[in-house]
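Asker: Each number in this note's numbering comes from the position in the sequence shown (counting from 1) with 488 added on. Sharing a structure with you now.
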Amino acid sequence: MKYHGEWRDGEYGAYSDPWTLKAAGVICRRLDCGSAVSARESDSSGPVWFISPTCLLSSSTLTDCVRADPDSSVSTLFLTCSDSVRLVHGSSRCSGRLEVRSNQSWSSVCEEDLDLNDAQVVCRELGCGAPGLLQGGLYGEGEAPVWTSELQCEGNESAVLDCRRSSSAGKTCSPGTAAGLTCSDPGGVRLVGQPSRCAGTLEIQQQGHWRPVVDRFKRWDLKSGSAVCQHLDCGSAVSVNRTHNSTDRPVWVVSVPCVKLTSGLRDCVDLEDSYEDSSGVDVVCSDLLPQPNISLSDGVFEVYQQGFRVLVGSEFTITCSVQPQYPGGSFQLISNTKEPLNITQPAVNHSVHFLLSAMGYAHRGNYTCVYHVDVYNHHV
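Dropping the structure here:
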């Protein structure tokens with residue numbers, strides 16, 4: 489990188505500021521070289537510039553994120569970009585509108601010119617998983633011209649440029665048919681060690697390896713934990729805690745500032761794979777518990793489209809219950825009536841019966857059951 493008139497290698501990263509594919513992608517886009525495919529550590533042969541990966545994700549100017557590093561013994565960043573293909577305007581590097589590089593410029597691809605074999609090669613070249621969704625107009629039309637060639641991949645090629653192509657001079661795409669592609673995540677995210685998939689120790693699969701995530705810099709909080717819960721379709725984070733194992737083991741370091749700025753959780757994993765540590769991250773999500781059921785019995789009532797109709801002055805029972813999952817707990821009955829109810833009783837056999845009598849017009853409204861229980865030393 490040239491800074492203050494001097495070319496130097498870029499430093500691989502500082503102990504507290506890890507490089508991720510998301511940050512590396514900023515460099516690739518700045519060079520007009522598509523998306524980041526990989527980055528690795530390389531030996532340094534002289535002075536380097538330190539580039540803050542976290543700064544890159546929030547700053548529009550690359551030079552704002554650069555400073556001199558007096559330590560000439562540090563490693564440098566060796567970066568590989570997808571020079572021939574990219575996905576733009578998606579939620580992660582593995583989704584977006586497909587553009588192909590041709591004659592030093594980027595062009596959109598028509599949906600009708602992209603089949604499953606072509607999509608498999610695109611996803612493979614970008615370091616993503618198998619294609620999951622192919623749809624025209626999904627990520628907008630864009631301003632790029634239409635690519636005048638049609639891909640004819642067999643599906644086993646390593647890169648788009650290895651595929652055969654046929655020319656379609658003067659071709660245009662109909663409105664809403666610019667190819668949008670979503671590739672699956674090449675790895676995974678999971679919470680382990682507890683009966684529910686929505687609670688436990690955070691693990692991420694990267695480079696084919698499942699490893700726990702280390703909270704090395706004590707930055708994990710409810711906001712970053714909620715990114716995990718949302719990724720797993722488990723609501724938001726109720727608690728996030730640092731844990732300790734008895735011995736060091738291989739771990740992944742995740743850039744928490746990156747997680748808070750983006751939606752691609754795995755794009756925020758430090759590209760260095762040699763870390764070992766004894767700490768971890770435990771996350772409990774809000775969708776850990778099933779929604780309780782509510783029913784009406786023992787009174788004079790009738791069922792109609794909007795709910796139950798109860799006769800004035802009658803006595804009836806509201807039952808709150810859940811599917812057996814955790815012992816104990818309590819149910820809270822809440823109403824938005826003129827005379828609000830807010831009653832809590834301990835659960836017996838995963839249910840509670842609330843006996844209500846002498847009901848009048850002031851009790852007309854909606855009634856809600858809320859289930860509370862202590863799970864893994866957390867109240868949810």
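Yeah, the Cβ is synthetic: ideal placement off N, Cα and C, and Gly gets one too.
Could you tell me which of Lys510, Gly625 and Ser762 sits nearest to Arg581, measuring between CA atoms?
Answerer: Taking only the C-alpha atoms, the option nearest Arg581 is Lys510.
Asker: Taking Cβ to Cβ, would you say Val702 is nearer than 8 Å to Tyr763?
Answerer: One thing to note: Val702 has its Cβ within 8 Å of the Cβ of Tyr763.
Asker: Per the DSSP calculation, Gly768 is bridged to which residue(s)?
Answerer: Paired residues: Thr731.
Asker: Do you know whose CA, among Leu621, Ser734, Val609 and Gly522, lies nearest Val576's CA?
Answerer: Minimum Cα distance to Val576 is reached at Gly522.
Asker: Just the Cα atoms here: how many angstroms apart are Val741 and Arg754?
Answerer: The C-alpha of Arg754 is placed about 11 Å away from the C-alpha of Val741.
Asker: On the DSSP letters alone, give me the boundaries of the beta strand (DSSP E) that Ala512 sits inside.
Answerer: Counting along the chain, Ala512 falls outside any beta strand (DSSP E), though it belongs to the alpha helix (DSSP H) covering Leu509 to Arg518.
Asker: Less than 8 Å separating the beta-carbons of Val861 and Tyr814?
Answerer: yes
Asker: Find the nearest neighbour of Cys569 within the set Ser595, Leu550, Glu613 and Ser547, judged by alpha-carbon distance.
Answerer: Checked all of Ser595, Leu550, Glu613 and Ser547; the closest Cα to Cys569 is Glu613.
Asker: Enumerate in chain order the residues of its own chain whose CB-to-CB distance from Cys611 is below 6 Å, with the five nearest sequence positions on each side excluded.
Answerer: Pro619 and Cys671
Asker: In angstroms with no decimal places, state the Cα-to-Cα distance between Phe842 and Val525.
Answerer: One Cα belongs to Phe842, the other to Val525, and the distance between them is close to 59 Å.
Asker: Answer yes or no: do Pro780 and Phe819 have a C-beta to C-beta separation smaller than 8 Å?
Answerer: Result yes, Cβ atoms of Pro780 and Phe819 sit closer than 8 Å.
Asker: Might you give, ordered along the chain, the residues of its own chain that have their beta carbon closer than 7 Å to the beta carbon of Glu827, omitting 5 neighbours on each side?
Answerer: Only Ala850 and His851 meet the Cβ criterion.
Asker: Helix, strand or coil for Tyr855? Go by DSSP, reduced to three states.
Answerer: strand
Asker: Measure the CB-CB distance between Gly676 and Asp770 and report whether it falls below 8 Å.
Answerer: no
Asker: Do Trp507 and Pro541 come within 8 Å of each other at the CB atom, strictly closer than that value?
Answerer: yes
Asker: Helix, strand or coil for Gln592, going by three-state DSSP, please let me know.
Answerer: coil
Asker: Which residue wins for smallest C-alpha separation from Ser767, given the options Val810, Val634 and Arg704?
Answerer: Arg704
Asker: In this structure, how does DSSP classify Val810 when only helix, strand and coil are distinguished?
Answerer: coil
Asker: Please check the pair Arg574 and Leu550, which I expect to be a contact at CB under 8 Å, by giving their CB distance rounded to whole angstroms.
Answerer: Incorrect: roughly 19 Å between the Cβ atoms, too far for contact.
Asker: Is DSSP giving Asp736 helix, strand or coil here?
Answerer: strand
Asker: Is Gly625 close to chain C, meaning its C-beta is less than 8 Å from at least one C-beta of that chain?
Answerer: Among the protein chains of the structure shown there is no chain C, as only one such chain exists.
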